[in-house]
Amino acid sequence: MSSIRTRLAVALVAALALATPAATASARAAGTHSAAAARAAAVPTDTTYTAAQVLADIQQHSSAATQVNTKPHINTMTRAMNVNVYQPTAGVYVYTSSMAIDDDGSDPDPDPDHQGQTTFQDSNGAQLGAHHVPFFVLGDDCWDKTSPCPHFFYKEHGISGRQFALVFYNGNVIGAIFGDTQTGNSQTTSSNDSRELGEASVKAASLLGIPSSGTTGGVDNGVTVAILSGPSWVVNGTNANLSANAQGMVQNALNTLGSSMSGNPPPPANDFSVAVSPTSGSVTAGSSASVSVGTSVTAGSAESVALSASGLPSGATASFSPASVNSGASSTLTVATSAATPAGTYPITVTGTASTGSHTASYTLTVTSAGSGSCTSAQLLANPGFESGATSWTQSSTLGFTPITKATSAESAHSGSWIADFNGNGSKDTDTVAQSVSIPAGCTASLSYWLHVDSTENTTTAKPDTFNVQVLNSAGTVLGTVGSFSNLDSGTGYTQLTADLSAYAGQTVTLKFTGAETDTSGGTTNFVIDDTALNVSGSTSPPPTNDFSVTDAPASVSVTAGGSATSTVTTAVTSGSAQSVALSASGLPAGATASFNPASVTAGGTSALTVATASTTPAGTYTVTVTGAAASGSHTATFTLTVTAPSGGCTSSQLLANPGFESGATSWTQTSSLGFTPITKATSAEPAHSGSWIADFNGNGSKDTDSASQSVSIPAGCTASLSYWLNVDSTENTTTAKPDTFTVQVLNSAGTVLGTVGSFSNLDNSTGYTQRTADLSAYAGQTVTLKFTGTETDTSGGTTNFVLDDTALTTS
4 MSSIRTRLAV ALVAALALAT PAATASARAA GTHSAAAARA AAVPTDTTYT
54 AAQVLADIQQ HSSAATQVNT KPHINTMTRA MNVNVYQPTA GVYVYTSSMA
104 IDDDGSDPDP DPDHQGQTTF QDSNGAQLGA HHVPFFVLGD DCWDKTSPCP
154 HFFYKEHGIS GRQFALVFYN GNVIGAIFGD TQTGNSQTTS SNDSRELGEA
204 SVKAASLLGI PSSGTTGGVD NGVTVAILSG PSWVVNGTNA NLSANAQGMV
254 QNALNTLGSS MSGNPPPPAN DFSVAVSPTS GSVTAGSSAS VSVGTSVTAG
304 SAESVALSAS GLPSGATASF SPASVNSGAS STLTVATSAA TPAGTYPITV
354 TGTASTGSHT ASYTLTVTSA GSGSCTSAQL LANPGFESGA TSWTQSSTLG
404 FTPITKATSA ESAHSGSWIA DFNGNGSKDT DTVAQSVSIP AGCTASLSYW
454 LHVDSTENTT TAKPDTFNVQ VLNSAGTVLG TVGSFSNLDS GTGYTQLTAD
504 LSAYAGQTVT LKFTGAETDT SGGTTNFVID DTALNVSGST SPPPTNDFSV
554 TDAPASVSVT AGGSATSTVT TAVTSGSAQS VALSASGLPA GATASFNPAS
604 VTAGGTSALT VATASTTPAG TYTVTVTGAA ASGSHTATFT LTVTAPSGGC
654 TSSQLLANPG FESGATSWTQ TSSLGFTPIT KATSAEPAHS GSWIADFNGN
704 GSKDTDSASQ SVSIPAGCTA SLSYWLNVDS TENTTTAKPD TFTVQVLNSA
754 GTVLGTVGSF SNLDNSTGYT QRTADLSAYA GQTVTLKFTG TETDTSGGTT
804 NFVLDDTALT TS
């Protein structure tokens with residue numbers, strides 16, 4: 004990143020995104036010849052343009068009609084927010100500002116703000132030296148974090164590290180490269196700002212005659228930088244020759260710009276195109292096919308393009324990654340079919356939509372039936388042991404080597420005399436060997452290969468060198484990594500490794516072996532493979548429906564109220580594939596809760612179930628149901644939970660307040676569907692058992708439900724006995740029917756009935772009171788509600804009074 008300056012500066016940059024069909028030097032050969040020589044012959048023009056002519060054309064074509072940014076940039080030196088970017092011709096971006104001096108990088112500098120790193124490096128990975136390499140600086144990100152960016156953001160215009168630029172100042176022009184970035188908005192400190200434009204290296208300033216001190220140099224205005232975008236304008240080389248390589252490209256760049264602008268009108272409106280590669284593909288129903296969707300800028304600037312697909316067969320879905328791109332970028336379309344997708348050939352239309360309009364491309368998808376089919380056993384790879392050299396294989400190396408080679412005494416073959424030997428060169432390198440192969444539908448497919456890892460890396464934990472085995476589609480998209488190794492897998496001799504590729508049956512895929520060496524841990528690693536094979540056999544049927552089972556162990560647990568009990572819930576795949584199973588429990592006693600750790604598992608996994616009871620949880624035996632729910636359905640298992648009352652002393656007492664109703668309704672809650680008050684003064688018709696108050700339920704000659712209740716806490720460790728005196732006074736004209744009833748119930752705090760401990764009717768008609776009792780010891784340790792309820796239906800020609808008095812709930 005560009006360092007914070009005591010004195011702020013901005014480099015004027017004009018970005019040119021003109022894709023010129025010019026050859027570029029590879030990173031391996033960057034130091035052996037100048038890229039300028041390759042490019043100089045690439046532009047067919049008979050006119051030689053001067054710097055003054057090109058700069059005049061740039062200025063002539065820079066107007067409000069060609070302005071690219073919608074928000075202004077900051078002049079670093081003056082801090083004025085008045086720098087705009089223009090597009091004077093197709094793919095050219097221009098703005099004029101100041102130049103501040105960037106002295107960062109590998110060259111030492113007395114500037115106290117000097118930093119030893121630059122955003123981009125030379126072709127050998129070394130930090131750029133500001134005193135040797137002319138480079139310019141752009142903003143590190145889009146300040147507004149939106150796309151398209153309202154400011155000029157280099158990543159949206161085909162600009163990358165070491166991108167070539169023409170820099171104009173005071174009648175002079177030089178070649179420079181994109182080498183460093185201004186601090187991003189998430190890193191902003193002091194006055195640094197990614198919206199700034201106008202900073203360049205010490206070398207760039209000195210070549211232009213601008214004072215080049217990192218603390219006192221720079222110029223406020225008048226610098227123009229034109230960046231030529233696209234991969235053909237990336238400059239390769241080292242700190243020692245990057246400047247020479249860039250200066251050798253200046254005239255070719257002037258001629259390119261001059262010929263593109265002379266007599267030309269301003270660039271056309273933005274437009275783009277859409278293409279797919281490949282244009283057709285096949286898939287077995289139930290599988291997926293992938294295709295690369297490419298976009299290109301055909302006029303104007305890049306714009307955001309949203310992608311969609313239509314014409315899909317039934318049961319198929321389309322997804323894009325990413326779902327939208329800036330024109331010039333690509334996306335991967337994945338069409339996923341279901342087992343029910345009908346066989347056939349379908350034209351699918353891929354549509355790209357932008358603010359300027361939409362364009363389409365066509366892709367033909369052939370779906371084959373997923374039913375069972377025969378498969379001829381075969382080995383599919385050609386030249387599997389490399390005994391015919393590189394025949395049938397495609398190989399590459401960033402250092403220019405050929406991985407497929409004759410075996411040596413140092414790196415011997417598993418069999419035969421040829422191997423594929425990846426890396427081991429003592430330099431940063433990536434080697435690949437690949438072969439395209441069609442796996443017949445209806446087959447099981449197994450890949451095997453012998454691998455020897457021979458490493459001298461000085462580490463037992465780091466993985467600077469890696470080897471991957473991947474499956475790619477015809478568009479080059481990685482469908483899966485089926486093998487991954489590193490220098491830590493070093494050993495003596497070969498090891499045979501296998502991978503199941505049956506998932507790719509019915510597709511043409513590329514099998515790719517890739518070795519990557521970074522040369523960072525003081526040693527080298529050779530990844531050597533031999534005797535590969537891709538065998539197909541048998542027949543396959545549509546995959547079975549996913550299903551699973553649930554069990555719980557142990558089958559029964561016991562707990563003292565207030566404690567916890569645990570069990571293990573185990574799931575298993577009974578058919579198909581594993582799926583996510585969410586766990587829950589029901590049938591718990593009052594005051595108890597259930598928790599699972601984890602709350603959901605992949606079928607085949609286990610979870611710990613903990614049932615936590617409260618001190619008020621009633622003693623008893625309960626059947627708890629554990630339910631596992633997944634996409635395919637749900638299954639259950641049960642276990643028995645026994646809760647016992649806690650041991651301890653108990654003080655004998657009578658717990659009910661106002662038990663004989665002598666204080667009226669105090670401490671009781673009463674209701675009546677007819678609006679009466681059951682708790683009332685006794686009368687000669689309905690006398691009290693003792694005292695002068697009673698609870699008289701019903702007897703009104705109308706349909707009615709009356710109740711009287713009281714909440715009470717029964718201490719843990721106690722036996723509890725309820726007693727009450729009841730007089731049933733009925734005139735109902737029946738000896739068998741029970742139109743009128745009276746119940747005594749125990750409820751929890753939520754109003755749920757825990758138990759009915761007394762039940763009577765009009766048939767219990769008698770003269771005078773009878774004492775009734777019920778054992779409530781099961782509710783020790785809980786707060787419960789004792790509820791008396793009388794119900795009269797008035798269906799048998801008479802009435803019934805249920806008269807209650809002198810209740811008591813005693814513990815001992």
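In terms of my numbering, the sequence shown is residues 4 to 815. Glycine included, every Cβ here is placed at the ideal spot set by N, Cα and C.
Buried or exposed by the 16-neighbour rule on C-beta atoms within 10 Å, applied to T798:
Position 795 of the sequence shown, counting from 1, holds the residue named residue 798. T798 should be labelled exposed.
From the DSSP output, in three-state form, read off M80 for me.
In the sequence shown, counting from the first residue as 1, residue 80 sits at position 77. For M80, the secondary structure class from DSSP, reduced to helix, strand or coil, is coil.
With 16 other CB atoms within 10 Å as the buried threshold, where does P234 fall?
Against the sequence shown, residue 234 aligns to sequence position 231. By the neighbour-count criterion, in which 16 or more other beta carbons inside 10 Å mark a residue as buried, P234 falls on the exposed side.
Could you check if Q185 is buried or exposed, using at least 16 other CB atoms within 10 Å of its CB as the buried criterion?
Counting from 1 along the sequence shown, the entry for residue 185 is found at position 182. Buried: at least 16 other Cβ atoms inside 10 Å.
Over the uninterrupted alpha helix (DSSP H) stretch that includes K206, give me the two end residues.
Taking the sequence shown and counting its residues from 1, the one referred to as residue 206 is at position 203. 205-211 is the span of the alpha helix (DSSP H), which, as asked, contains K206.
Whole-Å CB distance - A208 paired with I104, under 8 Å assumed
Residue mapping note: residue 208 aligns to position 205 of the sequence shown, counting from 1. Residue mapping note: residue 104 aligns to position 101 of the sequence shown, counting from 1. Yes, they are in contact, since the Cβ atoms of A208 and I104 sit about 6 Å apart, within 8 Å.
Outcome for P681 when other beta-carbon atoms lying within 10 angstroms are tallied against a minimum of 16
Along the sequence shown, read from residue 1 onward, the residue named residue 681 stands at position 678. With a threshold of 16 other beta carbon atoms within 10 Å, P681 meets it and is buried.
Within its chain, find whatever has a CB closer than 8 Å to the CB of G119; leave out the 5 residues flanking it on each side and keep chain order.
On the sequence shown, position 116 is the one that residue 119 refers to. The residues D107, G108, S109, Q130, in chain order, have a CB closer than 8 Å to that of G119 in the same chain once the five nearest residues on each side in sequence are set aside.
At what residue ranges does the region 428-515 contain a whole run of the alpha helix (DSSP H), taking only runs of 4 or more?
You should have found no qualifying run.
To the nearest angstrom, report how far apart G347 and V370 are at their CA atoms.
Here residue 347 refers to the residue found at position 344 of the sequence shown. Here residue 370 refers to the residue found at position 367 of the sequence shown. One C-alpha to the other measures close to 5 Å.
Own chain residues within Cβ distance below 6 Å of T641, not counting five before or after
As a first step, residue 641 must be located in the sequence shown, where it is residue number 638. Answer for T641: T626, T628, listed in chain order.
A256 - containing alpha helix (DSSP H), residue span:
Counting from 1 along the sequence shown, the entry for residue 256 is found at position 253. Its alpha helix (DSSP H) spans residues 253-264.
Considering only C-alpha positions, which residue in the set S635, G607, T596 is nearest to A617?
Here residue 617 refers to the residue found at position 614 when the sequence shown is read from its first residue. Residue nearest to A617 within the set S635, G607, T596 is T596 (criterion: CA-CA distance).
Within 10 Å of its beta-carbon, does M84 have 16 or more other beta-carbons around it, so buried, or fewer, so exposed?
Against the sequence shown, residue 84 aligns to sequence position 81. Counting Cβ neighbours within 10 Å, M84 comes out exposed, since fewer than 16 surround it.
Does DSSP classify L807 as helix, strand or coil?
Numbered from 1 along the sequence shown, position 804 holds the residue referred to as residue 807. L807: strand per DSSP, three-state reduction.
Three-state secondary structure assigned by DSSP to S375:
For the purposes of this step, residue 375 is taken as residue 372 along the sequence shown, with counting starting at 1. With a pLDDT of only 45 at S375, under 50, the local geometry of the prediction cannot be trusted, and the value read off the model is given with reservation. Secondary structure at S375: coil, using DSSP grouped into helix, strand and coil.
Same chain only: Cβ atoms within 7 Å of Q124, ignoring 5 sequence neighbours per side:
The residue given as residue 124 occupies position 121 in the sequence shown. Cβ contact annotation for Q124 (same chain, cutoff 7 Å, sequence separation greater than five): Q130, L131, in chain order.
Decide yes or no for the touch test of the region 487-504 against the region 445-464: beta carbon pairs closer than 8 Å, at least 3 of them.
Yes, they touch.
contact_flag[the region 597-616, the region 767-777] where n(CB pairs < 8 Å) is 3 or more
Look at the beta carbons and you see the region 597-616 not touching the region 767-777: under three pairs across the two are nearer than 8 Å.
So V57 is in the alpha helix (DSSP H); what residue range does that whole segment cover?
The residue labelled residue 57 in the question sits at position 54 within the sequence shown. Judged by DSSP secondary structure, V57 falls within the alpha helix (DSSP H) whose first and last residues are 54-63.
Cβ neighbour criterion (16 or more within 10 Å) applied to R165
Stepping through the sequence shown from its first residue, residue 165 is reached at position 162. By the 10 Å Cβ count, R165 comes out buried.
Pick from D767, K158, Q713: whose alpha carbon is nearest that of T737?
Here the question's residue 737 lines up with position 734 in the sequence shown. D767 is the residue among D767, K158, Q713 whose C-alpha sits nearest the C-alpha of T737.
Quick check: the region 83-102 against the region 52-69, are at least 3 beta-carbon pairs closer than 8 Å?
Judged by Cβ distances under 8 Å, the region 52-69 makes contact with the region 83-102, as three or more pairs qualify.
Kindly indicate which three-state DSSP category A597 falls into: helix, strand or coil?
For this step, residue 597 is matched to residue 594 along the sequence shown. Correct three-state label for A597: strand.
Using a 10 Å radius around the Cβ and a threshold of 16 neighbouring Cβ atoms, would you call D778 buried or exposed?
In the sequence shown, the residue the question calls residue 778 occupies position 775. The residue in question, D778, is exposed, as its Cβ has fewer than 16 Cβ neighbours within 10 Å.
Count the C-beta pairs between the region 139-153 and the region 214-225 that are closer than 8 Å, then say yes if the count reaches three, no if not.
They do not touch, by the three-pair rule.
What's the call for D743, buried or exposed, on a 16-neighbour Cβ count within 10 Å?
Start at 1 with the first residue of the sequence shown, and residue 743 comes out as number 740. Looking at its Cβ environment, which holds 16 or more other Cβ atoms inside 10 Å, D743 is buried.
Enclosing beta strand (DSSP E) for Q70 [first to last residue]:
Numbered from its first residue, the sequence shown carries residue 70 at position 67. Q70 -> no beta strand (DSSP E), and no H or E assigned at all.
Distance, A292 Cα to V328 Cα:
One-based indexing of the sequence shown puts residue 328 at position 325. One-based indexing of the sequence shown puts residue 292 at position 289. Between V328 and A292, the C-alpha separation is close to 21 Å.
Could you say which of A326, E689, L514, Q382 lies nearest to S439 if we only look at CA atoms?
Against the sequence shown, residue 439 aligns to sequence position 436. Nearest of A326, E689, L514, Q382 to S439, Cα basis: L514.
Cβ distance (whole Å) where Y349 is taken to contact V294 below 8 Å
Reading the sequence shown from its first residue, position 346 is the one you call residue 349. Reading the sequence shown from its first residue, position 291 is the one you call residue 294. That pair is no contact at about 13 Å.
Is it the case that the Cβ atoms of T654 and S716 are separated by a distance below 8 Å?
Residue 654 sits at position 651 when you count from the first residue of the sequence shown. Residue 716 sits at position 713 when you count from the first residue of the sequence shown. It is not a contact, given that the beta carbons lie outside the stated cut-off.
Restricting to Cα atoms, I'd like to know which of T609, S567, S578 is closest to T620.
Walking along the sequence shown from the start, residue 620 turns up at place 617. For the options T609, S567, S578, the alpha carbon positioned closest to that of T620 is the one of S567.
Residue environment, N490, which counts as buried when at least 16 other CB atoms sit within 10 Å:
On the sequence shown, residue 490 is found 487 positions in, with the first residue counted as 1. Buried is the label assigned to N490, since at least 16 other Cβ atoms lie within 10 Å of its Cβ.
Status (buried if at least 16 other CB within 10 Å, exposed otherwise) for A688:
On the sequence shown, residue 688 is found 685 positions in, with the first residue counted as 1. Exposed, because fewer than 16 other Cβ atoms sit within 10 Å of the Cβ of A688.
Sequence-distant residues of its chain with Cβ nearer than 6 Å to T734 (five each side left out):
Here residue 734 refers to the residue found at position 731 of the sequence shown. Cβ within range, chain order: G801, T802.
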